[in-house]
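K.L.:
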Amino acid sequence: AEEGGTINVVVQPEPPSLMIGMYSNATTQQVGGNIFEGLMRYDQDLNPHPLLATSWESSDDGKTWTFHLKEGVTWHDGQPFTSADVVFSIDKLLRETNARLRTSLAHVESIEATDDYTVVFQLKESFGPFIRLFEVGTTPMLPKHIYEGTDYKTNPANHHPIGTGPFKFAEWQKGSYIHLEKNENYHVQGLPHLDDVYWHVIPDAASRAVAFETGKIDVLPGGSVENFDVPRLTELDNTCVTTDGWEFFSPHAWLWLNNRQGPTADVRFRQAVMYAMDREFAKDVLWNGYGKVANSPVGSKTKFYDADLPAYEYNPDKAKQLLKAMGYNGEPVRILPMPYGETWQRWTEVIKQNLEEVGINAKIESTDVAGWNQKVSDWDYDISFTYLYQYGDPALGVARNYISSNIAKGSPWNNAEGYSNAEIDQWFDAAATAFPDEKRQELYSKIQNKLVEDVPVAWLMELEFPTIYNCKVQNLIDSGIGINDAFGTAWIKQ
Amino acid sequence: MNVIRALTQNKVAMFGFAVLLLLSLIAIFGPMLYDGSPWKMVQRPFIPPFANDRFLLGTDTLGRDVLAGLIYGARISLLVGLVSTVIALLIGIPLGAYAGYFGGWVDEILMRFTEVFQTVPSFALAVVLVAIFEPSVYSITGAIAIVSWPPVARLVRGEFLALRNQEYVLAAKLNGQSHRNIILKEILPNSLSPIIVLASLMVATAILLESSLSFLGLGDPEIMSWGYMIGAAKTVIRQAWWLSFIPGVAIAVTVLALNLLGEGLNEALNPKLSGKREH
Amino acid sequence: MSIQTLMYIGGRLIKGAIVLLVIAVFNFFLIRAAPGDPAKVMAGEAGATDELFLQQLREQFGLDQPLYYQLWVYISNLVQFDMGITYRQQMPVFDLIMDRMPATLLLTGAAFLLSLLIGVLAGVVAAQKHKQWADSFITVAALIFYATPLFWLAMMAALFFSVYLNWLPSFGMETVGANLTGFDRFIDIMTHLILPAATLGLFFTAVYARMTRASMIETTRMDFVKTAIAKGMTPNRVTYRHVLRNALLPVVTLAGLQAGQLIGGAVLTETVFAWPGIGRLMFEALFQRDYNLLLGVFFISSAMVVLFNLITDVIYCVVDPRIELSK
Amino acid sequence: MKPLLKVENLSIRLPKGADREFAITNVNYELMPGEILCVVGESGSGKSMTANAIMGLLPKAIQVETGAITFDGYDLVSLEEHRARKIRGNRISMIFQEPMTALNPLMRVADQIGEVFLIHTELSKKQRHERTLSLLKDVGLPDPEKMMSAYPHQLSGGQRQRVMIAMALALEPSILIADEPTTALDVTTQAQILKLIKELQEKHNTAVMFITHDFGVVAEIADRVVVMEKGQMVELGEREAVLNNPQHSYTKKLISAVPPLVAPERPLLAESAPVLTVNQLCKTYSTGGGWFSKPRIVKAADDVSFELHRGETLGLVGESGSGKSTVSRCVVRLLESDSGEILLGDDPIQALDAKALAPFRKRIQMVFQDPFASLNPRKTIGQIIADGPIAQGMPVAQAMQKAAELLALVELPATALDRYPHEFSGGQRQRVGIARALAHDPEILVADEAISALDVSVQAQILDLIEQLKQRLNLAVLFVVHDLRVAAQVCDRVIVMQKGRIVEAGVTKQVFEQPRHDYTKSLIASIPGADWRSGKTTGHAKTLEKAYA
Ligand SMILES: Nc1ncnc2c1ncn2[C@@H]1O[C@H](COP(=O)(O)OP(=O)(O)OP(=O)(O)O)[C@@H](O)[C@H]1O
Ligand SMILES: Nc1ncnc2c1ncn2[C@@H]1O[C@H](COP(=O)(O)OP(=O)(O)OP(=O)(O)O)[C@@H](O)[C@H]1O
Ligand SMILES: [Mg+2]
Ligand SMILES: [Mg+2]
Ligand code: NI
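Quick mapping for you: the protein sequence lines, in order, are chains A, B, C and D. Per our numbering, residue 1 is the first one in the first sequence, and the count goes up by one each step. Per our numbering, residue 495 is the first one in the second sequence, and the count goes up by one each step. Per our numbering, residue 774 is the first one in the third sequence, and the count goes up by one each step. Per our numbering, residue 1101 is the first one in the fourth sequence, and the count goes up by one each step.
Printed below as a string of structure tokens:
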């Protein structure tokens, strides 16, 4: 590969911080993923590969995991990276600051460093997804010598993050750009190839497209231009496009249907919604054909997806029948669009149109991000858009939205629809800790069949966010987390 | 009245008036003739203008009829413009009238109050108001009214300050007429000309403001407006520039017409400009 | 400067400070009326959260305190010129705003000066050629610019000049990563400035042109102009020495009012052209419910308005000897 | 002697829609070196038009139709603009009526005068400065050094007019055109300015064309007189001939309308209880006070006391700003006085609040100065008159009935009821104003400069009307006026005010013939043309006086 060069990437919205362990915003991860590293990387089939951990093994019952760390790794400030950093990061810092990891860590009994380069995890019981917890976004390694004993949120190092990654933090012009520079002491020989990475803040989507066209920008991460621009941009000379790099997240879009009150509390109404939606149209017009109509709570790229589920076809007549059967009387139903840009706005309009055509009296209620969060987490909605990541395993990214222990006001990311089914709760519980995988698959298939019948939420699509980039950039995406991983192996063909 | 004569002789103003009249007719009757919702996806997306006889101006990103959107948009633009102006006048006129008529500490308090609203950058305030009270036709109209009343209050106050010592007002006082009567019957009718002129220009500004808010995504999602159309088309400006161009021209023409009419009114109502000297 | 002028300015500043304080309180309550809070937004962006996390955030931001107490803390800090810390960036609000201020001042300053210069010039020409084709042309052009939505114009300009002609950059304030210095950097920034400043300025150019024209025509009818002509002056001399100066007075007032408003009013232009100014900062802060930041931007831009009004009055007093700085 | 300027057959066409087709038609006259030619005539007769034509200052829309203006061998009508410019301000210069607006408010006095030198001469900056300074001395401005750097607003009207004169005379022009240069000034100031013009004219042998509508001024300074009526030149002659032996009927009418400066004997009124008593009235204005600056304080009424009886006309005279309006407005309670007492009959009214005052409002009413500003343009005459009684509780129909009667009383047709003020002439409007004041059947009528906005001939009619009504209704009239000729004719007693104080009060004849206070003396001495048509002139004038009375 050729050495040197600069890569210009769009970052939108501007991240609040680059401290990946405390902020799990998408863009914090994108930029921070170059500075920090996890113990492992995952390929596009979600298989783990060594990074800061060179090897690992588990006991036969799946309850004890031993990690061997790479030697000779240094932090950007020159301090050595050791097992103490691992224990501190996971057991202390992340347990306090990272809500998602905290849930998973509930299965962990203890974390111990047996020597400078060995860490042992003792689990309470076998936890299927345990091995998929160690990518940089979920479990980044953070420097103990800087954070220990301080107030993590206000530590001055948050403004000048220090990691082990292939790039070092150089400068952040707020509102303009973030500049990362090559880590000359990177622990992988011969990497990285690039000298500089610039992340540009361009708040307007159309301007981002123009910036790419005029060559100012080399990479448009998935979702950073409006979908309408994608076909045009991909047709430009020297432009490459890929949908790779989202396998780990496998973003799944659906409509929250409030199971507690109103027409949406009736399963027939919820099924009618499924039949009323022309999801193929939305996929073609709004998503340029990228993605896949979703028929299951589990994404097709996620482990334990069941391909033989019954599908809801677009069938307005059937929807009307169902509505008639339940005696729907035109009660107004509020739709809360997701305030994340044009496509979602348009999608809301399409869905509203679809629903109106089968006789559902739908009203769009507009709000911004904060209002949306507030309303969904206060259950003050009838229908609302959302999309969520699956994190490679139903136990991490799917169960949270359907189990009744996750019905709690205050968060829009749990079981906000209020679906409650003791059977499902039990099955999910068992599936997380079942061993080996065949047992898990069996349980997850049962779950999927039941949920598809009950329609607790109306699944829309498995989203694909194509990454558009200048073809001179090579090796841009080489892992299951795509852009969120470092540009450590990327290089530029001159 | 000779104001109307002066106005009818002003060709430019009459042109503006004609355009507005046409727009109003479209706004009132258009939706009746043009049945169906402008939100309906009727054809494949991105049909350019004049390519399809049934959809004269083509279709938008979702295959909705652009002409239908334009017609329904006229309604909302004019409505928001008019209603917000009326509200602004309802706030501004009494405030300015009291401040100007009574003077003294009443004036001081009311004008400090006005100053607060004038000091906050108005567009930013409108954005915040709409965002906070969530975009709907009511919050948008209200926000526009709230940011546009201070100039009314100032103007009315100025007029009242100038007129309250006019001899005919003094005469009314000597007649023993009540303050209310003097304000409503003596001073207000005589300060109406500049208020009318200002109001016509405020409608124009309100239409622009509504479209700016819609453009920023702060429009009422239930209602088709020109600003919404531009905002929705901005992402496809490269593939289909006409989708933003057409409603943009519609706004510009409407605002232009209002301005022409406003200037015409100004010339007709303002004796200083119409060349008629009273002495 | 006389002691009286200083006293006057002091008095005005005190009055302005009172108005600003009222604005701060008003805004404080206004913003709290919005649904959601910064913790929710940040949690929302994180994509996963629980009550504990939210609670931590609220505690950290001091949002768990009763509202009146928060107001008290905010205002008492404010009077000591401390605007608090942004929730998102964890930076002092003032620093963040000052970071963005140069960009805003550059954009609005350029737009302002440009529009004032061109607008007044066009107005003068139109008034001189009253009822000739140049007048009609300028009047019509001004009217059209006056009636055209700013954001639309900006979009069209970007489309035309950046995309089709590829003459000018369409976003940002400078070419990032080019590491230019000195004159090269200046040129770079200037080329970035042209489009946003021109579109932002066009509207005001139209405003000033119309106003100057009207004011010139009115001033031409004044008695002292007759006196000047009776002295045997050439028309040009009459225009520039006598009419223009008098005609500019109302323009000065208007310009002063607008200069202040511009600072906070460039949101649209800054959005379309990705200009890193405080208008956009406000817009982002609003949606992130970054209360302190939003209040800070409002406060600073309102303070700018107060300041510019004061400056206008002082300038007015310099150009118009009839006005004494006392009322 | 060869005439300096010859106006021949001059006709000026007005644009469409103006009052008449021609501003002036076939005007012919000559201006001799060193003479003062007065142009007189009523408002709109075309006096200014002629002057503007000479200066080349006609508005674009107005064209010279026929005729020539010859000066120094050139025809000014057809002269190219760049040559005309050389003459303007240099050989012929002009002074305007309004000293308040005729100077550029943003330029220092010295610069405005210096500009004349700058345009027409090659003088250096220093020389210009010196010449300007000496000019300011010439026109008798106090402290000329300081005046140099003053702005127009810092000067009084008279001072500004002196600056204008200095500017006009800077290059010792052959002709000075003065378009009503003293109309806006006080009598005393007017007298000074007239004197100044005359002196300078004699000193430099300048020919002056002096436009005025005041025959007193004509009598004071003219050598020859041109009389204009509706664009026609109706009479031209020597001063004595025109003033004392007018030929044209229009000239006769104008001259007869000038009140003579003699106070006629008036029967003494029987002693009666006063209807209005004012005791030690004080009113101070303070303006411009900011938080830190000191306000400007004006004592507009300072310890003013007087009585007014039924059937009496009390004149309130004095120069502009002496406090006449202030006193009259305090009396009707349009202004709050600071201290003192106002009694209507025996009832003190100065402390009553709006409600308690209402019943007293009817007893004292006011006629205002400006017939244009005192009528609400958006109301019909009927409404204007009836509004008062309606506000006092009279049923509408009855009030309208009363309005009709009042219209008859002030000699207006009943059809006027439904028409709007703009359809009436100034004199007619003033009648409406009087009718409105009478609608309450008041005991006292306060008239603040009720006639000064009107042409002389109309003035006489209105004065006549007030006199009649006073007699018929046995009114007490407080008559505020600055024109002493008028005061002499209509007042039983006069009060002379200066700077808010009463300096002299007494029976009219006595005050005019034996003024005691110096201020009164100077005031009377300043009346232009005081010798003409006073007791001291010829028998012919006496007959005119009779015609007037
Ligand atoms: N700009 C104008 N446009 C149209 N008509 C005008 C204009 N100026 C003056 N006139 C008309 O020309 C006629 C003569 O006006 P001029 O100003 O000469 O009167 P004047 O004798 O000077 O009156 P005054 O005593 O009021 O100054 C009047 O009928 C007037 O209405
Ligand atoms: N509203 C006011 N505020 C401040 N000063 C005032 C006000 N009205 C009048 N004055 C001042 O009070 C003094 C007396 O004014 P007033 O109007 O009573 O005089 P006047 O004798 O009626 O004069 P004129 O003949 O010009 O009408 C003047 O110096 C004037 O400047
Ligand atoms: Mg005149
Ligand atoms: Mg007065
Ligand atoms: Ni390599």
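Note that the Cβ used here is the ideal one computed from N, Cα and C, for glycine as well. Predicted model, so just to flag it, every value in this text is computed and none were measured.
(1) Along the chain, where does the beta strand (DSSP E) containing D/C1138 start, and where does it finish?
(2) Go ahead and pull the three-state DSSP assignment for C/D872.
(3) Around ligand 2, which residues pass a check of Cβ closer than 6 Å to any of its heavy atoms?
(4) Taking 7 Å as the line, does the beta carbon of D/K1147 fall inside it for any heavy atom of ligand 1?
(5) What is the residue span of the beta strand (DSSP E) that A/S55 lies within?
(6) Starting from A/V273, trace the alpha helix (DSSP H) in both directions and tell me its first and last residue.
(7) With a threshold of 7 Å (Cβ to nearest heavy atom), would C/R785 be considered close to ligand 1?
(8) Rounded C-beta distance between A/G262 and A/V333? I'm assuming under 8 Å.
(9) I want to see whether chain B comes within less than 8 Å of A/R279, judged by CB atoms only; does it?
(10) Should D/H1313 be counted as a contact of ligand 1 given a C-beta to heavy atom distance under 7 Å?
(11) Under DSSP, the beta strand (DSSP E) around D/C1382 begins and ends at which residues?
(12) Flag D/I1277 as yes when its Cβ comes closer than 7 Å to any non-hydrogen atom of ligand 1, and as no otherwise.
(13) Under 7 Å: does the beta carbon of A/S366 sit that close to some heavy atom of ligand 1?
(14) Would you say D/G1144 touches ligand 1, meaning its beta carbon is less than 7 Å from a heavy atom?
(15) Confirm, please, whether the CB-CB distance from D/E1419 to D/T1288 is below 8 Å.
(16) Quick check: the stretch 1430-1448 of chain D against the stretch 1608-1627 of chain D, are there 3 or more CB pairs under 8 Å?
(17) For D/N1152 and C/R1053, what's the separation of their Cα atoms in angstroms?
(18) The beta strand (DSSP E) spanning A/W199 covers which residue range?
(19) Need the endpoints of the alpha helix (DSSP H) that A/E349 sits in, please.
(20) Looking at B/I469 and ligand 1, is the gap between the Cβ and the nearest heavy atom below 7 Å?
(21) Residues of chain B with a CB under 7 Å from the CB of C/F924: which are they?
(22) Would you mind working out which of A/N238, A/T467 and A/P316 sits nearest A/Q494, comparing C-alpha positions?
(23) Give the residues of chain B in contact with A/R232, contact being defined as C-beta atoms less than 8 Å apart.
(24) Quick one: is D/Q1568 buried, meaning 16 or more other Cβ sit within 10 Å of its Cβ, or exposed?
(25) How would you list, in chain order, the residues of chain C whose beta-carbon sits under 9 Å from the beta-carbon of A/E417?
(26) Residues of chain A with a CB under 9 Å from the CB of C/R873: which are they?
(27) Helix or strand or just coil, what does DSSP make of B/E772?
(28) Going residue by residue through the stretch 1430-1475 of chain D, where are the continuous alpha helix (DSSP H) segments of at least 4 residues, counting only ones entirely within it?
(29) I need the straight-line Cα distance from B/A464 to B/M696, nearest angstrom please.
(30) For chain C, find out if any of its Cβ atoms is closer than 8 Å to the Cβ of A/P394; answer yes or no.
(31) May I ask you to report which of helix, strand or coil DSSP gives A/D485?
(32) For a test of your reading of the model: does the CB of D/A1153 fall under 7 Å from any non-hydrogen atom of ligand 1? Yes or no.
(33) Please report the Cβ distance between A/F248 and A/G72, rounded to the nearest whole angstrom; I am assuming they are in contact, meaning their Cβ atoms lie under 8 Å.
(34) Does the separation of the CB atoms of A/Y389 and A/G397 fall below 8 Å?
(35) Give the list of continuous beta strand (DSSP E) stretches no shorter than 3 residues that lie fully inside the stretch 1254-1299 of chain D.
(36) Quick one: list the residues of chain C neighbouring A/K153, beta-carbon separation under 9 Å, in chain order.
P.N.:
In short:
(1) Counting from 1 along the fourth sequence, the entry for residue 1138 of chain D is found at position 38. From DSSP, the beta strand (DSSP E) with D/C1138 extends over I1136 to V1140.
(2) By one-based count along the third sequence, residue 872 of chain C stands at place 99. DSSP places C/D872 in helix when its eight states are reduced to three.
(3) Listed along the chain, these residues meet the criterion: D/Y1385, D/T1387, D/V1398, D/A1400, D/G1418, D/S1420, D/G1421, D/S1422, D/G1423, D/K1424, D/S1425, D/T1426 and D/H1582.
(4) As a position in the fourth sequence, residue 1147 of chain D is number 47, starting the count at 1. D/K1147: yes, Cβ under 7 Å from ligand 1.
(5) By 1-based counting over the first sequence, the position of residue 55 of chain A is 55. A53 to S58 is the extent of the beta strand (DSSP E) around A/S55.
(6) Here residue 273 of chain A refers to the residue found at position 273 when the first sequence is read from its first residue. DSSP places A/V273 in the uninterrupted alpha helix (DSSP H) bounded by V267 to A276.
(7) Mapped onto the third sequence, residue 785 of chain C falls at position 12. Incorrect: C/R785 has no Cβ contact closer than 7 Å to ligand 1.
(8) Counting from one through the first sequence, the residue named residue 262 of chain A turns up at place 262. Counting from one through the first sequence, the residue named residue 333 of chain A turns up at place 333. Beta-carbon to beta-carbon, A/G262 and A/V333 are separated by about 7 Å, close enough to satisfy the 8 Å threshold.
(9) Position 279 of the first sequence, counted from the start, is the residue given in the question as residue 279 of chain A. Taking Cβ atoms only, chain B never reaches closer than 8 Å to A/R279, which makes this a no.
(10) Taking the fourth sequence and counting its residues from 1, the one referred to as residue 1313 of chain D is at position 213. When distances are taken from the beta-carbon of D/H1313 to the heavy atoms of ligand 1, the shortest one is below 7 Å.
(11) Here the question's residue 1382 of chain D lines up with position 282 in the fourth sequence. Where D/C1382 is concerned, the enclosing beta strand (DSSP E) stretches over L1376 to T1387.
(12) Counting from one through the fourth sequence, the residue named residue 1277 of chain D turns up at place 177. No.
(13) Here residue 366 of chain A refers to the residue found at position 366 of the first sequence. Within the chosen limit of 7 Å, ligand 1 does not reach the beta carbon of A/S366 with any heavy atom.
(14) Residue 1144 of chain D sits at position 44 when you count from the first residue of the fourth sequence. At least one heavy atom of ligand 1 is nearer than 7 Å to the Cβ of D/G1144, so yes.
(15) Counted from its first residue, the fourth sequence places residue 1288 of chain D at position 188. Counted from its first residue, the fourth sequence places residue 1419 of chain D at position 319. Yes; because the gap between Cβ atoms is below 8 Å, this pair is in contact.
(16) No, they do not touch.
(17) As a working note, residue 1152 of chain D is residue 52 in the fourth sequence. As a working note, residue 1053 of chain C is residue 280 in the third sequence. The C-alpha of C/R1053 is placed about 59 Å away from the C-alpha of D/N1152.
(18) What you label residue 199 of chain A is simply residue 199 of the first sequence in a count that begins at 1. Start and end: D196 to H200.
(19) The sequence position of residue 349 of chain A within the first sequence is 349, counting from 1. Run containing A/E349: E342 to E357, per the alpha helix (DSSP H) assignment.
(20) An answer regarding residue 469 of chain B cannot be provided, because it is not within the stretch 495 to 773 covered by chain B.
(21) Counted from its first residue, the third sequence places residue 924 of chain C at position 151. Simply S706 and F709.
(22) Numbered from its first residue, the first sequence carries residue 494 of chain A at position 494. It is A/N238 whose Cα lies nearest to the Cα of A/Q494.
(23) The sequence position of residue 232 of chain A within the first sequence is 232, counting from 1. Residues of chain B passing the Cβ test: R732 and Q733.
(24) Start at 1 with the first residue of the fourth sequence, and residue 1568 of chain D comes out as number 468. With a threshold of 16 other beta carbon atoms within 10 Å, D/Q1568 falls short and is exposed.
(25) Looking up residue 417 of chain A in the first sequence gives position 417. Chain C residues near A/E417: none, gap ~17 Å exceeds 9 Å.
(26) In the third sequence, the residue the question calls residue 873 of chain C occupies position 100. Against C/R873, the close residues of chain A are K174 and G175, in the order they occur along the chain (beta-carbon pairs closer than 9 Å).
(27) The count along the second sequence starts at 1 and reaches residue 772 of chain B at position 278. In this predicted model, B/E772 has a pLDDT of only 33, less than 50, meaning its place in the structure is not dependable enough to derive any value.
(28) Listed in chain order, they are 1454-1461.
(29) A query on residue 464 of chain B cannot be resolved here, the shown segment of chain B reaching from 495 to 773 and no further.
(30) One-based indexing of the first sequence puts residue 394 of chain A at position 394. Not flagged as an interface residue toward chain C: A/P394, since no C-beta distance is shorter than 8 Å.
(31) Position 485 of the first sequence holds residue 485 of chain A. Three-state DSSP puts A/D485 in coil, outside helix and strand.
(32) If you number the fourth sequence from 1, residue 1153 of chain D lands on position 53. No, ligand 1 has no heavy atom inside 7 Å of this Cβ.
(33) In the first sequence, counting from the first residue as 1, residue 248 of chain A sits at position 248. In the first sequence, counting from the first residue as 1, residue 72 of chain A sits at position 72. Your pair A/F248 and A/G72 does not check out as a contact, with CB atoms roughly 28 Å apart and the cut at 8 Å.
(34) As a working mapping, residue 389 of chain A is identified with position 389 in the first sequence. As a working mapping, residue 397 of chain A is identified with position 397 in the first sequence. Yes, Cβ-Cβ distance for A/Y389 and A/G397 is below 8 Å.
(35) Counting whole runs of 3 or more residues, the stretch 1254-1299 of chain D contains the beta strand (DSSP E) stretches 1275-1279.
(36) Counting from 1 along the first sequence, the entry for residue 153 of chain A is found at position 153. By Cβ distance, chain C contributes Q829, L830, Q833 and Q863.
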